[in-house]
Structures are given as C-alpha cells and as structure tokens.
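Below is one structure; the comments refer to it alone.
Protein chains in written order, with the numbering used here: chain W, 1 to 105; chain B, 1001 to 1185.
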C-alpha cells in the first residue's frame, strides 16, 4: 500500500528511535550538553499539568536518581554518577500545595 | 498434577494519585527521554509542537483518559500515549491531504491553505535513510520496525547478534540526535 505522505513509515522510524531512547544508558543521557535544559523544561511542563489538574494531595519530590523500572533493560548509573546527579539537580522536596495558586478551586 | 487453564490476570492500573506522585518524581534521565521522544514524535504534526504533545499525553493520564498499567514503566507508557496522539493527528492530516479541498494549484496564492506538515514526513524519512546509506545493520533494524517484526525476528533475518543489534540501535539514536542538532530534522 502506498504511504503517500510517508506518515506510516515515519511513525515506525519513531518507534525505533523511541525504543533506542528508552534503552539508552542514564549516564549518557544526563551527560549530553542539552540535558539540563531538557530536564528543567520537562519538569516544569509536568508541574504545570499537575497544577492544572488539581494537586490537593500530591507531593512533588525531586528524584534522587530513582526510576520506575524498565525491567531487564534498565541500567542504573554507578554510585559516582548518582552522586553527580545529586550535585547537579535539586534534591529539595517540593510540595505542589506550596506552589498552588490560592485562588484555585 | 493436572494442568489447569489459568484465567487471564486482570491488568492492574495505577490510581490517579499514584500516577501523580510518579509523574512528580520522574528522575532526570526519564525526563530527558520524554523530551527527546516528544521531539521526534511531533515532527510533521500540524497541531502539536514537542512540548504540546508531551503536555497532552501527561494531561490525558492525569484526567483519567489514559490509565497507566502498572506493569509498564511510566516513561514507556507516556511514550506510547504520545505515539497514539501523534497517530491520531497524522490520520487527520492525511484526510486533509486526500480531501478534494486540498487543491493548492487551483487557489490564488493568498487563498492557498497552509499545507499540513504531514507532507514533510516523506522528505524527512528520506533524509534519515540517506544518512544510513551503507549501514546495513541500521537499515535492517529500521526495516524490521517497518515490517512489524519483533527484535528476535529482525536479528534472525539480518544475522545480527544481541550486541550488534544494540550497537545499531545506538547508532540510529545518535545519528538522529545529530541530525536534530544540525537542524536537518
């Protein structure tokens, strides 16, 4: 079947890329020059979404290098990298309630 | 002992409060993964830039439209949601392209509808494939995805072992990242 726009093939290429990113080592991702920018903007995006959908009981905690598991493909960074993560990224506990607009319902 | 047919275990889904906590606690590496995947998935979409796509995916989880199966890592699940949203948008774009209303040649220049970004997908795809000309392993990997093969099937077809497959996957990722940095994507 002709994929005139290339959309289907592009989607499949996206699948290959997404899988490659999901399985990339944490250390390599964090060492990239744009890592801090990506972390900050994505974290802010999630925070906005949490606030938008109501955050009366959730607590946002900046992670200390913990993940939520990839099963057998997950590679944890070595202890030295964990220390670098803690030094580079804030580990302050932040409660969404502290940041919530008082006027929100 | 007789073997009994076991009932299929129901999928366990995260409570919304659990999803909220998990989203708020995603580690740096996973935030980077989401950012990169959003960027890739948003290419060629008329309605979404990368941040919009990721934001929409997160919102769909937070408002319950998409339920997070606990057996799937959150970052992988969000990647799937983004894929789903991108697919919906591409289908809309394709309907626009194939509709009789899209006839730019018949319009005055200032009346011409803005062509959907979906049309760029073929050019972008060709640009990526050209970068891998001569890299049979990466091209074999891409072909496997296009044909809906499992990783095992691709390895069997191409003769790659696990190490070669992982290396091809790494080259694919790094080359696409480089193309993005160069402004080619």
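The beta carbon of each residue, even a glycine, is placed where N, CA and C say it ideally should be.
Through-space distance from residue j to residue i, alpha-carbon basis
i                       : j                       : result
residue 1179 of chain B : residue 1060 of chain B : 30 Å
residue 955 of chain B  : residue 1173 of chain B : Chain B is shown from 1001 up to 1185; residue 955 of chain B falls before or after that span and cannot be answered.
residue 1158 of chain B : residue 1058 of chain B : 37 Å
residue 50 of chain W   : residue 1024 of chain B : 8 Å
residue 1130 of chain B : residue 53 of chain W   : 44 Å
residue 1151 of chain B : residue 15 of chain W   : 12 Å
residue 1074 of chain B : residue 1022 of chain B : 8 Å
residue 1084 of chain B : residue 10 of chain W   : 14 Å
residue 1155 of chain B : residue 1143 of chain B : 11 Å
residue 1062 of chain B : residue 1086 of chain B : 18 Å
residue 1042 of chain B : residue 43 of chain W   : 19 Å
residue 1052 of chain B : residue 12 of chain W   : 21 Å
residue 1078 of chain B : residue 1028 of chain B : 15 Å
residue 21 of chain W   : residue 1185 of chain B : 17 Å
residue 1127 of chain B : residue 1181 of chain B : 14 Å
residue 1091 of chain B : residue 1169 of chain B : 28 Å
residue 1088 of chain B : residue 1149 of chain B : 23 Å
residue 34 of chain W   : residue 1147 of chain B : 33 Å
Selection from the options that minimises the alpha carbon distance to residue i
i                       : options                        : result
residue 36 of chain W   : B:1083, B:1032, B:1039, B:1037 : B:1032
residue 1167 of chain B : B:1152, B:1154, B:1138         : B:1138
residue 1045 of chain B : B:1068, B:1028, B:1122         : B:1122
residue 1165 of chain B : B:1181, B:1062, B:1145, B:1017 : B:1145
residue 41 of chain W   : B:1036, B:1019, B:1085         : B:1036
residue 1048 of chain B : B:1140, B:1134, B:1015, B:1082 : B:1082
residue 1160 of chain B : B:1140, B:1133, B:1134, B:1068 : B:1140
residue 48 of chain W   : B:1065, B:1071, B:1042, B:1020 : B:1020
residue 1011 of chain B : B:1070, B:1169, B:1149, B:1170 : B:1070
residue 1015 of chain B : B:1177, B:1147, B:1068, B:1026 : B:1068
residue 1134 of chain B : B:1153, B:1080, B:1171         : B:1171
residue 1177 of chain B : W:45, W:24, W:46               : W:24
Chain W contact for residue i (CB, 8 Å cutoff)
i                       : result
residue 1081 of chain B : no
residue 1024 of chain B : yes
residue 1236 of chain B : For chain B, the structure presents residues 1001 to 1185; residue 1236 of chain B sits outside this window and is missing.
residue 1087 of chain B : yes
residue 1033 of chain B : yes
residue 1146 of chain B : yes
residue 1173 of chain B : yes
residue 1135 of chain B : no
residue 1036 of chain B : yes
residue 1065 of chain B : no
residue 1178 of chain B : no
residue 1169 of chain B : yes
residue 1139 of chain B : no
residue 1090 of chain B : yes
residue 1185 of chain B : no
residue 1020 of chain B : yes
residue 1029 of chain B : yes
Which residues DSSP lists as bridging residue i, in chain order
i                       : result
residue 1069 of chain B : B:1013
Interface flag, residue i vs chain B, CB-CB below 8 Å
i                     : result
residue 11 of chain W : yes
- Item | Against chain W: residues of the region 1040-1060 of chain B by CB proximity under 8 Å | 1040, 1041, 1043, 1044, 1051, 1054, 1055, 1058, 1059
- Query: Along the region 24-38 of chain W, what residues have a CB closer than 7 Å to any CB found in chain B?
  - Reply: 24, 26, 29, 30, 35, 38
- Item | Interface positions of the region 1153-1166 of chain B facing chain W (Cβ-Cβ less than 9 Å), listed along the chain | 1166
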